[in-house]
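Notes follow once the structure below has been shown.
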Amino acid sequence: MNFSDAVKSIIKPHKHDRLSPLFTKWGESIDTANVLSEYPRPQMRRDSFISLNGYWDYAITDSPSIPAGFEGKILVPFSPEAALSGVNRQLKPDKFLWYRTVLPDACEQTAPGMRLLLHFGAVDYEAEVFVNGTLAAAHRGGYLPFHADITDLLKGSGNELLLKVKDTTGLKSEARGKQTLARGGIFYTAQSGIWQSVWLEQVPLSYIENLWFETDYDKRTVTARISAHRTGEIPSFALSLLCRGQEIPCLVSCETISAPDPGTVFTASLSFTIPEEYFHSWSPEDPFLYDVKLTFGRDQVQSYFAMRLFSIEKPENQENTAPVFCLNHKPYFLMGVLDQGYWPDGLYTAPADEALIYDIAVMKSLGFNMLRKHIKAECARWYYHCDRLGMIVCQDMVNGGSRYHMPVISYLPTLFPRMASRLKDSHYAMLSRKDMAARQQWEQECLETVAYLKFFPSIAIWVPFNEGWGQFDTARITNLIKEADPHRLVDSASGWFDQNCGDFISVHNYFRPLSVPVKKWDSRAFFLSEYGGYACHIKGHSSVERIFGYKRYNSLADFQSAYRNLIENSLMPLKSRGLCAAVYTQLSDVEEEVNGILSYDRKINKLL
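Okay, so the sequence shown: first residue is 1 according to UniProt numbering, each after it adds one.
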């Protein structure tokens, strides 16, 4: 072990450094009249779409009552802590954040027999939505979308939309990712409020509410799982399957699973088999997507799916070898990189759709075929780009829990890894999970995350827990995830505190020689789920001068040499010993953590 590097990496208390303004090229040229104007739900597209992104009024108050006046303008969907919002203020846990806007005139022209839905991509953390003074929706949880039918709340003109937000980051045990009010080291600036797109759409009285595809790669079958809202008689379904713009002949069978009273949501399934001559597998090298048009009465949506299979299998005729990750039944080494999803000018919110594409495309050009989205759930367009560009996703759940006991859950397992296998996750207090209500809330949000994101075919692995941060009942949670989505793999405990469940033996290793420390293989594959973390500070491309990283280099030449030596001489030889996947830390610098391949502003690629 490199004990010196390990000790240097311990996060030490220090005076809070003020972040310097730092902008990406997209943030520097942002068009405030067309902010993130792309269709925000690519997995279920309608022709009807009105973006509400742009300048809204805002106020930060002590009281939960509607403010008498507003303080200024905020650029939605950037949180008030983000430079691009124009506010640059931290929402404290005891304050309330208010937003106000007037809905566009088009809302007054909702066609007869149509309803108007208001969508929020994500609001952190507790939100109440008011239309013309009436509560339209309430939502808890900072990472998932929600919507409301506001048709009956509209008046002739000047329809007012108000949003009240409460975010208690630092005081309670809610899911928060790496957000902290006292940032430093591996924890970053907290953000709050709206951070994904806000938009409107018109739908018929009976409409499709949700859609995802369940594929059976071996049988070549596909089942569209649909939830729909109906008024009156149930309209008929029609599905068209397209391959490169050409409609594919296929027989579609429809089964209504549950059809309660009118005015409620019911579920249905449409099943079909892909003809052999049109069958096309998905992979990072060939990210083929089938297009779908789905009609439900007067409602029509466009969607897509992919035919692929993720599994853990043992190579044929090799009984004593390690099980490995397989894509479409073929061994496939996952060369991954850790992606925090932070931006210097937008924090959780990418400054442009092109910025999302850039990160994925650059990592792919460097030889990576997997991104581990680290304890953050992204906007739908990020997953869509992974689907269409060909990037496998390892998706973390957003961690929560009370204040972490870092010496117990981080420093000691790092320095003495054998300890990591001895701590049981029933020690709720030690793992910051003493609050039963908080455990239940996290479990609910975990399953909601799976339900929402399982549409996206690029997601291969779910990661419920990372390094013991808020870990609890790992085997039970793993089983719940498997029940909710039996078609993907689960890395139950990334890093340490393994509870002998899930599909992987998952290890983080920053300070010891890389190895595969498994002598007897069971059904699980070996996953080096974090390694590397080499730091190189690029002056002028960082938001703070303080430096954090696991091994530091003073020049790009030294950084590049060390990185290539690590990959070629330490990592790659482990493939023959059972290593099936690895995640390098990390995609970009984030604040003082400068161990990214890209600088925080995305202007420097340290490997080129």
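All C-beta atoms in this analysis are idealised placements derived from N, C-alpha and C, irrespective of residue type, glycine included.
Distance check between ILE66 and each of THR414, GLU38, LEU135 and GLN395 places LEU135 closest, using alpha-carbon atoms only. With 16 or more other Cβ atoms from the protein chains shown falling within 10 Å of its own Cβ, SER432 counts as buried.
Shown here, ASP105 sits in a helix according to DSSP, grouped into three states. When the alpha-carbon of SER192 is set against those of GLU448, THR349 and ALA475, the nearest one is in THR349. With contacts defined by Cβ atoms closer than 7 Å, SER227 and THR189 do not form a contacting pair.
The Cβ atoms of LEU239 and ILE248 do not sit closer than 7 Å to each other.
Inclusion of PHE70 and ARG100 in the CB contact set at 7 Å is warranted, their separation being smaller than that value. Rounded to the nearest angstrom, the gap between the Cα atoms of LEU163 and SER529 is 39 Å. Rounded to whole angstroms, the separation of the alpha carbons of ILE505 and GLY578 is 11 Å.
The way I'd put it, the region 561-570 doesn't touch the region 430-450; fewer than three beta-carbon pairs between them come closer than 8 Å.
GLN196 places its beta carbon 7 Å or farther from that of SER48.
For THR169, there is no enclosing beta strand (DSSP E), as DSSP gives it neither H nor E. Contact between the region 103-122 and the region 142-159 is established, with three or more Cβ pairs separated by less than 8 Å. Listed in chain order, the non-local C-beta contacts of GLU126 below 6 Å within the same chain comprise ARG140 and LYS166, local neighbours out to five positions each way being set aside.
DSSP places TRP195 in the coil class of the three-state scheme, outside both helix and strand. Approximately 4 Å separates the beta-carbon atoms of ALA460 and PHE310; this is inside 8 Å, confirming the contact. In the DSSP assignment, ALA557 falls within the unbroken alpha helix (DSSP H) covering 556-565. Among the bridge pairs identified by DSSP, MET114 is matched with PRO204. Spatial neighbours of ILE538 in its own chain (CB-CB distance under 6 Å, excluding positions within 5 residues in sequence) are listed in chain order as SER599 and ILE604. If you check the CB distance, PRO351 and GLY27 come in under 7 Å. Secondary structure at LYS551: strand, using DSSP grouped into helix, strand and coil. Leaving aside the five residues that flank ARG524 on each side, the residues in its chain whose CB is nearer than 8 Å to its CB run, in chain order, ILE312, PRO323, GLY502, ASP503, PHE504 and ILE505. DSSP lists PHE296 as the beta-bridge partner residues of ASP299. The region 403-420 makes no contact with the region 378-386: fewer than 3 CB pairs, one atom from each, lie closer than 8 Å. Proximity to PRO42 across MET370, TYR550, ARG115 and SER303 peaks at SER303, based on C-alpha coordinates. The residue from LEU480, TYR531 and ASP345 with its alpha-carbon nearest to that of PRO21 is ASP345.
ALA68 counts as exposed, since fewer than 16 other beta carbons sit within 10 angstroms of its beta carbon. Contact check for LYS364 and MET335: beta-carbon distance about 10 Å, past the 8 Å limit, so the pair fails to qualify. Our two residues, ARG115 and VAL123, have alpha carbons roughly 23 Å apart in a direct line.
Here TYR188 carries a strand assignment [DSSP, helix/strand/coil]. In terms of Cβ geometry, LEU447 and ALA484 form a close pair [threshold 7 Å]. Annotation for LEU75: the continuous beta strand (DSSP E) segment containing it runs 72-76. Counting the other Cβ atoms within 10 Å of the Cβ of GLN440 gives fewer than 16, which makes it exposed. The beta-carbon distance between LEU489 and GLN560, rounded to whole angstroms, is 33 Å. This is too long to meet the 8 Å contact definition. A check of alpha carbon separations from THR231 across GLY113, ASN88 and TYR58 identifies GLY113 as the nearest. In this structure, DSSP gives ARG524 a state outside helix and strand, which the three-state scheme calls coil.
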